[in-house]
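Okay, so the sequence shown: first residue is 33 according to my numbering, each after it adds one.
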Amino acid sequence: MSSRKIIGHGTWLDKVAYELVQREKRLGRSLKLIRTESGLGASGIPHVGSMADAVRAYGVTLALRELGYRSESIAFTDDMDGLRKVPAGMPRELEEYLLMPVSSIPDPYGCHESYAGHMSGMLREALERAGVECRYMSGRQAYASGILSDSIHEILLNAGRIGEKIEELTGQAKFKQVLPYFAICKECGRIYTTQAYEYDPKRSVVRYRCVGAEVGGRYFQGCGHEGEADIRRDDGKLAWKTEFAARWKALDIRFEAYGKDIADSVKVNDWVSREVLGFEPPMHVRYEMFLDASGRKISKSLGNVFTPQLWYRYGSPQSLLLLLFKRATGTRVLTLQTIPRLMDELDLLEDVYFDKVRVEDELERAKLKGLYLYSYLLKPPKKPSTHIPYSLIVELAVAAPEDKRLEFVISRLRKYGYEVDERAEEKIRLAVSYAADLGAVERKPVKLSERERRAVLELIRGIEAAESAEEVQSAIFQAARSNGLSPRSFFKTLYQIFLGRDRGPRLGPYIWDLGKSRAIEILRSNIG
Numbered sequence: 033m034s035s036r037k038i039i040g041h042g043t044w045l046d047k048v049a050y051e052l053v054q055r056e057k058r059l060g061r062s063l064k065l066i067r068t069e070s071g072l073g074a075s076g077i078p079h080v081g082s083m084a085d086a087v088r089a090y091g092v093t094l095a096l097r098e099l100g101y102r103s104e105s106i107a108f109t110d111d112m113d114g115l116r117k118v119p120a121g122m123p124r125e126l127e128e129y130l131l132m133p134v135s136s137i138p139d140p141y142g143c144h145e146s147y148a149g150h151m152s153g154m155l156r157e158a159l160e161r162a163g164v165e166c167r168y169m170s171g172r173q174a175y176a177s178g179i180l181s182d183s184i185h186e187i188l189l190n191a192g193r194i195g196e197k198i199e200e201l202t203g204q205a206k207f208k209q210v211l212p213y214f215a216i217c218k219e220c221g222r223i224y225t226t227q228a229y230e231y232d233p234k235r236s237v238v239r240y241r242c243v244g245a246e247v248g249g250r251y252f253q254g255c256g257h258e259g260e261a262d263i264r265r266d267d268g269k270l271a272w273k274t275e276f277a278a279r280w281k282a283l284d285i286r287f288e289a290y291g292k293d294i295a296d297s298v299k300v301n302d303w304v305s306r307e308v309l310g311f312e313p314p315m316h317v318r319y320e321m322f323l324d325a326s327g328r329k330i331s332k333s334l335g336n337v338f339t340p341q342l343w344y345r346y347g348s349p350q351s352l353l354l355l356l357f358k359r360a361t362g363t364r365v366l367t368l369q370t371i372p373r374l375m376d377e378l379d380l381l382e383d384v385y386f387d388k389v390r391v392e393d394e395l396e397r398a399k400l401k402g403l404y405l406y407s408y409l410l411k412p413p414k415k416p417s418t419h420i421p422y423s424l425i426v427e428l429a430v431a432a433p434e435d436k437r438l439e440f441v442i443s444r445l446r447k448y449g450y451e452v453d454e455r456a457e458e459k460i461r462l463a464v465s466y467a468a469d470l471g472a473v474e475r476k477p478v479k480l481s482e483r484e485r486r487a488v489l490e491l492i493r494g495i496e497a498a499e500s501a502e503e504v505q506s507a508i509f510q511a512a513r514s515n516g517l518s519p520r521s522f523f524k525t526l527y528q529i530f531l532g533r534d535r536g537p538r539l540g541p542y543i544w545d546l547g548k549s550r551a552i553e554i555l556r557s558n559i560g
């Protein structure tokens, strides 16, 4: 028995929740309600990384509840941000709205009240489909309601100190000359072309000039208008290097994770929160970015967007939650090939959870069971489902008649002895969609000994000559024995080649259903 303590369900979420509670106790703050927060971008098509913020914040909220504390998660939509560039694939007509707040831009598709509403709506739909429960808050509504105005007032009164600190921490001298506030120009409607140069605390207004700005390597001419912005209304917004601090104090936020791309902003906001607003900043977890296959950060503007909606076409919401809950740190490459692996990994975790697979190490067992629980948002199935390898379904679907893929796959699986229950059928539908759109699952080559390589070559000849599934089955035994291998170990090798796991359906019938040419292609690709 391990003497190491298991916190909650043994995951990093439970550890963060425990450490957060201890921190709040040391600070002497109320524990009646512990709020976590995430920021939801609204400037481009939301990707899996955009969803990660809200999912992980909600995961910490769930872990806090498991420890016996009341908690809620706030999802704050950054819909006062200006549109810096037209995302790849979006209508070019949006060019005329560049640098306007995304909540002021019409929805190019005409189905939401604004561009921001369309983008944040996609993300909200993805979160709700996964079962994530947040209290959604619009940045525009927050500014318009005045809940941030006290913090904005303090920040603007201390703008000189803040400008010095921003330069000290980040090297950026800009805010030594201008206030950390972007007014929306009342003439041209743009936000980043204005410079706020004076604050009148008696009237709560900022004076600004629309002078122009360089954004994303492109210069935007200002319209020359001079005006005032009321900080108690949605006439403008704080710069990112101070806005988080205002939100944290106004909403009493105790936890917020952040990506390394905004680490400098968080560093400044922590200082502003503590030294200017008198509010101890929330506990943070820093996470890495998701990269595409070429190693580029997945980005709304680059156009290499991997949306939650695309994931849901081929994978379950639980498999996506598993991806986001597995760990917070470490850069990860994300491609469509990630989905089959996560779907099968969820099956493995289910086996551990229901004690069908024994994990000796107590902490590792608790962590894996906890990961399964959080993938179902602490509402797991009451019993395990039938586990069918995702790649097995895909290969059958590739071999099936195009107009009868689902029926073909289900009939073959039943023939192999699989019970196709409701959850298994949903996995089949997802994998059939994957096969129809993308073809076979990418395989990692299995390292073979010289004996195994010779046995595979002999099996290829046996498959070529076979006239039935039984003859293929016999050829497997023959290839193993004639090359000094135990049939059991050779079958295990073949399952790894075909399915990426140690076991599966009876191989003779499966290879026959794949078709001789496809089976031989898979075997040849492994031996080179």
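Glycine included, C-beta positions come from ideal geometry on N, C-alpha and C. Given the structure is predicted, the values throughout are model-derived calculations rather than measurements.
The C-beta distance from I194 to A282 rounds to 17 Å, too long to meet the 8 Å contact threshold.
Here the region 142-152 lies against the region 105-121, with 3 or more beta-carbon pairs under 8 Å apart.
Separation of the CB atoms of R241 and Q227 is rounded to 6 Å, and the pair is thereby assigned contact status at 8 Å. R345 carries a helical assignment under DSSP once its states are collapsed to helix, strand and coil. Taking a C-beta distance under 9 Å as the contact criterion, A278 and S146 do not qualify as a contact pair. Closest option to A497, judged by alpha-carbon separation, among Q528, S549, A467, V389: S549.
Annotation: the continuous alpha helix (DSSP H) that includes T370 extends over 370-385. In this structure, E98 is the residue among S62, E98, M83 with its C-alpha nearest to the C-alpha of Y50.
The continuous stretches of alpha helix (DSSP H) do not include F287, which lies in the beta strand (DSSP E) extending over residues 285-287. In this structure, R444 keeps its C-beta atom at 9 Å or more from the C-beta atom of V464. Closest by C-alpha distance to A148, out of E484, L72, K206, is L72.
When DSSP assignments are scanned along the region 379-448, the uninterrupted stretches of alpha helix (DSSP H) that are 4 or more residues long and fall wholly within it turn out to be 394-407, 422-431, 437-447. I492 and G449 have their C-alpha atoms some 26 Å from each other. In this structure the region 423-436 does not touch the region 67-83; the number of beta carbon pairs closer than 8 Å is below three. No Cβ-Cβ contact shorter than 9 Å links F357 with T93. Residues A215, I216, A261 of the same chain have their beta carbon placed closer than 7 Å to that of D267, with the five preceding and five following residues left out of the count. D266 is not bridged by DSSP to any residue. Beta-bridge analysis with DSSP links A107 to S70, Y168. It is roughly 7 Å from the alpha-carbon of E56 to the alpha-carbon of L63.
For Y231, the enclosing beta strand (DSSP E) has its first and last residue at 226-232.
With a contact defined as Cβ atoms closer than 8 Å, R116 and L65 miss out at about 36 Å. The C-alpha of L52 lies about 27 Å from the C-alpha of S351. Within the model, the alpha-carbon separation for A174 versus A107 is close to 12 Å.
DSSP places V452 in the coil class of the three-state scheme, outside both helix and strand. Non-local beta-carbon contacts of K47 in its own chain, meaning distances under 6 Å to residues more than five positions away in sequence, involve I39 in chain order. The continuous alpha helix (DSSP H) containing V48 extends over residues 44-59.
Comparing alpha carbon positions, the residue from N515, G494, S500 closest to A487 is N515. Beta bridge pairing from DSSP links G114 with P133. Ranked by Cα distance from L59, the first of E312, E490, P421 is E312.
For R241, the three-state secondary structure derived from DSSP is strand.
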